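Enquirer: Heads up, the sequence shown is in this note's numbering, so the first residue is -11 and it goes up one at a time.
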Amino acid sequence: MVSVEYVRSMAAYNRWQNENLYRSAGTLSDKERKLERGAFFGSIHGTLNHILWGDQRWLSRFGAVEPPASICSMTETAELYTDWQSIVEARKNFDETITGWAKALDPSWLSSEINWTSFAVGKTFDQPAWLLTVQMFNHQTHHRGQVHAMLTAADIQPDDTDIAFMPNN
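1. If you reduce the DSSP assignment to three classes, tell me which class Phe125 lands in.
2. Could you please give the first and the last residue of the uninterrupted beta strand (DSSP E) stretch that includes Asn103?
3. Which value, in whole angstroms, describes the spacing of the CA atoms of Ala52 and Asp71?
4. Counting only the same chain and skipping the five closest in sequence on each side, list residues whose C-beta sits under 6 Å from that of Leu139.
5. Keeping to the same chain, check which residues put their C-beta closer than 6 Å to that of Leu120; ignore five residues upstream and five downstream.
6. With the cut-off set at 9 Å, would you say Ala(-1) and Lys111 are in Cβ contact?
7. Quick one: grab the DSSP three-state call for Phe29.
8. Buried or exposed for Met62, please, with buried defined as at least 16 other CB atoms from any protein chain shown within 10 angstroms of its CB.
9. Taking the alpha carbon of Thr105 as the point to measure from, which residue in Phe113, Leu98 and Gln73 has its own alpha carbon closest?
10. Would you decide whether Ala66 is buried or exposed? Buried here means 16 or more other CB atoms lie within 10 Å of its CB.
11. Kindly list the residues whose CB is nearer than 7 Å to the CB of Glu20, restricted to its own chain and excluding five residues on each side of it in sequence; keep chain order.
12. Compute the Euclidean distance between the alpha carbons of Leu23 and Asn157, then round it to the nearest angstrom.
13. Looking at C-alpha atoms only, which residue of Arg132, Ile144 and Ala137 is the closest neighbour of Asn2?
14. Alpha carbon to alpha carbon, how far is Gly88 from Phe50? Give it in angstroms, no decimals.
15. Could you pull out every residue in the same chain whose Cβ sits closer than 7 Å to the Cβ of Lys80, ignoring the five residues on either side in sequence?
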């Protein structure tokens, strides 16, 4: 099982890396951010949308926020915000929400069970909260890696991603 300290560290890492990738992606034109690049969610913009939607979905499953916008298909998660300023602001605000949730987290919650339904596979599960918290952070990291690769292919060099080099770590 993970600790509250782990959750707080990962919330800080999430915020740090989102600032890194959004700053890097912000140097591209809107057309370049939305360019189909062969990723599962198509573009840099689409993948950033999916990450944000996933974070909103997980925190809603944890009972911390209301569920995100109703989406009919997984690919529609890439269309959550169509303009750059809206997604930048939404990401910043939601990173504050994640950080606040982590700071207020009761350690006993991590050992609770969560009943949830997977949007992707249409099945219901009962799983430990600590495992699903790890899943949320792992999902972010997985898709941020895709964004990092797309930025690198576009000749944009994001800053360091190693958690050991996170400021104030």
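Don't be surprised by glycine CBs; every beta carbon is placed ideally from N, CA and C.
As the structure is a computational prediction, the values presented were derived from the model and not from experiment.
Expert: On the basis of the supplied data:
1. Helix, per DSSP.
2. Glu101 to Thr105
3. Here the alpha carbon of Ala52 sits roughly 26 Å from the alpha carbon of Asp71.
4. Ser12 and Pro146
5. Ile102
6. No.
7. coil
8. exposed
9. Phe113
10. buried
11. The answer, listed in chain order, is Ala142.
12. CA-CA distance, Leu23 to Asn157, rounds to 35 Å.
13. When the alpha-carbon of Asn2 is set against those of Arg132, Ile144 and Ala137, the nearest one is in Arg132.
14. 13 Å
15. none
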